[in-house]
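Undergrad:
Protein chains: 2
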Amino acid sequence: MRKDVRSGCPVNLSLEVLGDRWTLLVLRDVVFVGARHFRELLAGPERISSNILADRLASLVEHGLLVRSGNPEHRQKITYSLTEAAIQLVPLIVQLGSWGLRHLPVTDEYAARMRVLESGGPALWDEFMDELREEHIGPRARLRPSAGDPPVRSRMEAARLEALAAATG
Amino acid sequence: MRKDVRSGCPVNLSLEVLGDRWTLLVLRDVVFVGARHFRELLAGPERISSNILADRLASLVEHGLLVRSGNPEHRQKITYSLTEAAIQLVPLIVQLGSWGLRHLPVTDEYAARMRVLESGGPALWDEFMDELREEHIGPRARLRPSAGDPPVRSRMEAARLEALAAATG
DNA sequence: GAGACTGGTTCGGAAATGCAACTTGAGTAA
DNA sequence: TTACTCAAGTTGCATTTCCGAACCAGTCTC
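Going line by line, the protein sequences match chains D and U. Following the UniProt record's numbering, the numbering of the first sequence begins with 1 at its first residue and continues without gaps. Following the UniProt record's numbering, the numbering of the second sequence begins with 1 at its first residue and continues without gaps.
Rendered as C-alpha cells:
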C-alpha cells in the first residue's frame with residue numbers, strides 16, 4: 001500500500017486508489033454480482049487469492065469505498081457495503097467493460113451481462129446506482145423512486161443465463 | 001508483461017491491458033497534453049522513469065493502442081500515435097478524472113482542465129475524439145465535420161492557465 | 001569535433017503477487 | 001463435549017514486477 005501522492009491530477013489520484021489488477025474486480029463483484037462476504041468474493045472467476053483479497057478489502061475500506069460491518073446474530077459473518085463514492089464508480093466500471101467488449105476477446109457469457117448495461121445507457125446506470133444505494137446504504141438513500149421494473153442486476157443475470165444456455169444447447 | 005488470461009469478463013480483460021499505475025497516465029498525456037515523443041512523456045508531472053515508460057509504450061504498441069513511427073528527416077525522432085481503440089478510451093479517462101475530482105484532493109490547476117471536459121458532457125467528448133482522430137489517424141478519420149470552435153485541448157489548456165494565474169495571484 | 005538531444009538499456013534493491021498451508025473463533029449436530 | 005464445518009482471514013516463502021539512478025549509442029547542430 002503506497003502512501004506518497006505523485007501529483008494532484010485527478011486521473012493520477014484515481015489511479016493511486018484504483019490502479020491495479022484487482023481492486024476494480026473486487027468492486028465489480030460487489031456491484032454486479034452482489035457479493036458481500038469474503039468467501040463470495042473469493043469465488044469470483046479470476047480466483048483471487050485470499051491474502052490479496054484481504055489486502056484489497058482493507059485498502060477499499062481505508063479509502064472509504066467499502067464499509068465493513070459485523071452481524072450480531074452471526075458473529076463471524078462480516079458484511080461489506082458500498083459507500084456513495086464506490087457507487088459513483090458504476091459509470092467507470094461500465095465504461096471499462098464496454099471498451100473491453102468492443103476491443104478484446106470477451107466470453108459470450110460475460111458479454112451478455114455487460115450488453116444489458118451498455119444498451120440501457122446512462123439512464124439505466126442511474127437506476128442501477130439507485131438500487132445499489134437502497135441495498136447498501138438504506139432505502140432512504142435513493143435519489144428517485146423506483147420505476148418498478150425488475151432490478152437491473154437480475155436483468156443482467158437473466159441475460160447471462162440465456163447466453164450460457166445458448167452456448168451449451 | 002503477462003500473457004495468461006484470468007477470465008473472459010470484459011472488465012477483467014480491460015484491466016489486464018490497462019490495470020496498473022502508469023498505462024493510463026501515459027495515454028492521458030498523449031490525449032490531453034498532446035505528448036507524442038518519449039522525452040515529452042517523460043516530462044509529465046508524475047515523473048515516470050524511463051524504463052517504465054519504455055515498457056509501457058511497448059505494451060501499448062503490442063496491444064494496439066499506440067502506433068510507433070519514425071521520421072525520415074530526423075532519424076532518431078520517434079512519434080507515437082493513438083489508434084481508434086485508444087481514442088475510444090477518452091470517456092473512460094474522463095470518468096476516471098471526474099470521479100477523482102469529486103472524491104479526491106485534486107489540485108486546482110488540474111481540476112480546471114478536467115472540469116472543461118466534465119461540463120461539456122458526452123457531446124464534447126465526441127468532438128474531442130474526432131479532433132484526436134484527425135490529429136493521430138488522419139483528416140479523413142473524422143466522423144463528423146468540425147463545428148469550427150477552438151480545439152478542446154486548447155480550451156482545457158486555457159482553463160488550466162487561468163486556474164494557475166488565479167492561484168498565483 | 002564538442003556538446004546536446006534522441007530514444008532508449010542496465011542494474012540492483014524494494015515492493016507486489018500468488019500459492020499453499022495454517023489459524024482463530026463461532027455455529028451445529030450427535 | 002466432542003467432533004465437524006464454515007467464516008474470515010494470517011503466515012511463510014518463492015516468484016514476478018516495479019522503479020530510481022545511472023548509463024549508453026546513435027543523430028543533429030554548431
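Backbone N, C-alpha and C define an ideal beta-carbon position, used for all residues, glycine too.
With burial defined as no fewer than 16 other Cβ atoms inside 10 Å of the residue's Cβ, what is the status of S14 (chain D): buried or exposed?
TA: With 16 or more other Cβ atoms within 10 Å, it is buried.
Undergrad: Rounded to the nearest angstrom, how far is the Cβ of P45 (chain D) from that of S7 (chain U), given a contact under 8 Å?
TA: Rounded, the Cβ-Cβ distance is 4 Å, consistent with contact.
Undergrad: What residue from D:S119, D:S50 and D:V67 has the CA that sits closest to V30 (chain D)'s CA?
TA: V30 (chain D) has its Cα closest to that of D:V67, out of D:S119, D:S50 and D:V67.
Undergrad: Shortest alpha-carbon distance to A159 (chain D) belongs to which of D:L89, D:L42 and D:D108?
TA: Taking only the C-alpha atoms, the option nearest A159 (chain D) is D:D108.
Undergrad: Assign R75 (chain D) to one of three DSSP states: helix, strand, or coil.
TA: The answer is coil: DSSP assigns R75 (chain D) none of H, G, I, E or B.
Undergrad: Let me know the secondary structure DSSP gives residue 176 (chain D) once reduced to three states.
TA: No information on residue 176 (chain D) is available, as it lies outside the stretch 1 to 169 that chain D covers here.
Undergrad: Determine, using beta carbons only, whether M114 (chain D) comes closer than 8 Å to chain U.
TA: Yes, because at least one Cβ of chain U sits closer than 8 Å to the Cβ of M114 (chain D).
Undergrad: In whole angstroms, what separates the C-alpha of L42 (chain U) from that of R36 (chain U)?
TA: Cα to Cα, the separation comes out at about 11 Å.
Undergrad: Note down, in chain order, each residue of its chain lying with its Cβ closer than 7 Å to the Cβ of G100 (chain U), except the 5 sequence neighbours on either side.
TA: Result list for G100 (chain U): V106, in chain order.
Undergrad: Buried or exposed for D149 (chain D), going by 16 or more other Cβ atoms inside 10 Å?
TA: With fewer than 16 other Cβ atoms within 10 Å, it is exposed.
Undergrad: Is S82 (chain D) helix, strand or coil when you go by DSSP?
TA: The sequence shown places Leu at residue 82 (chain D), rather than the Ser named in the question. In this structure, L82 (chain D) counts as strand in the three-state DSSP scheme.
Undergrad: Could you name the residues of chain D that L132 (chain U) contacts, counting a contact when the two beta carbons are closer than 7 Å?
TA: The contacting residues do not exist; L132 (chain U) stays about 15 Å from chain D at best.
Undergrad: Taking just the CA atoms, how far does E162 (chain U) sit from S154 (chain U)?
TA: Spanning the two alpha carbons is a distance of roughly 12 Å.
Undergrad: Is it the case that the Cβ atoms of L164 (chain D) and I93 (chain D) are separated by a distance below 8 Å?
TA: No, these two residues do not count as a Cβ contact at 8 Å.
Undergrad: Exposed or buried, which one is R144 (chain D) when buried takes at least 16 other CB atoms within 10 Å?
TA: Counting Cβ neighbours within 10 Å, R144 (chain D) comes out exposed, since fewer than 16 surround it.
Undergrad: Can you grab the Cα-Cα spacing for the pair D126 (chain U) / M156 (chain D), in whole Å?
TA: Between D126 (chain U) and M156 (chain D), the C-alpha separation is close to 28 Å.
Undergrad: Mind listing the chain D neighbours of G121 (chain U)? Cutoff is C-beta to C-beta under 7 Å, in chain order.
TA: Near G121 (chain U) there are no residues of chain D at all, since even the closest Cβ is about 10 Å away, more than 7 Å.
Undergrad: Can you list, in chain order, the residues of the region 32-47 of chain D whose Cβ is nearer than 9 Å to any Cβ on chain U?
TA: Going along the region 32-47 of chain D in chain order, one finds F32, G44, P45, E46 and R47 with a Cβ nearer than 9 Å to chain U.
Undergrad: Are the CB atoms of A141 (chain D) and E134 (chain D) within a distance shorter than 8 Å?
TA: Contact: yes.
Undergrad: Of the choices U:Y80, U:R113, U:H63 and U:L65, whose alpha-carbon is the least far from that of N71 (chain U)?
TA: Closest by alpha carbon: U:Y80.
Undergrad: Got a sec, what are the start and stop residues for the alpha helix (DSSP H) G100 (chain D) sits in?
TA: Element bounds for G100 (chain D): V90 to H103.
Undergrad: Buried or exposed for residue 220 (chain U), going by 16 or more other Cβ atoms inside 10 Å?
TA: This structure cannot speak to residue 220 (chain U), because chain U is shown only from 1 to 169.
Undergrad: If you measure from the beta carbon of H74 (chain D) to each beta carbon in chain U, is any gap under 8 Å?
TA: Not an interface residue.
Undergrad: Closer than 8 Å by beta-carbon distance: list the chain D residues that pair up with T79 (chain U), in chain order.
TA: Residues of chain D passing the Cβ test: none, with the nearest at roughly 23 Å.
Undergrad: I believe L82 (chain U) touches T23 (chain U) by the beta-carbon criterion, under 8 Å. Please report the beta-carbon distance rounded to the nearest angstrom.
TA: About 13 Å separates the two Cβ atoms, so there is no contact after all.
Undergrad: Given that A111 (chain U) touches chain D, what residues does it touch there, using C-beta distances under 7 Å?
TA: Residues of chain D passing the Cβ test: P10.
Undergrad: For chain D, check one thing: does any of its Cβ atoms lie closer than 8 Å to the Cβ of V106 (chain U)?
TA: Yes, because at least one Cβ of chain D sits closer than 8 Å to the Cβ of V106 (chain U).
Undergrad: Where does R68 (chain U) sit, in a helix, a strand or coil, going by DSSP?
TA: In the structure shown, R68 (chain U) sits in a strand (DSSP, three-state: E or B).
Undergrad: What three-state label does DSSP hand E46 (chain D) in the structure shown?
TA: Coil at E46 (chain D), not helix or strand.
Undergrad: By the DSSP assignment, the alpha helix (DSSP H) with H136 (chain U) in it spans what residues?
TA: Note, H136 (chain U): alpha helix (DSSP H), D108 to H136.
Undergrad: Alpha helix (DSSP H) containing A165 (chain U): first to last residue?
TA: Note, A165 (chain U): alpha helix (DSSP H), V152 to T168.
Undergrad: When Cβ atoms are compared, which residues of the region 142-160 of chain U fall closer than 7 Å to chain D?
TA: From the region 142-160 of chain U, no residue has a Cβ closer than 7 Å to chain D.
Undergrad: Measure from the C-beta of G100 (chain U) to each C-beta in chain D and report whether the shortest distance is under 8 Å.
TA: Output row for G100 (chain U): interface = yes.
Undergrad: To the nearest angstrom, how far is the alpha carbon of P10 (chain U) from that of Q95 (chain U)?
TA: Approximately 17 Å between the Cα atoms of the pair.
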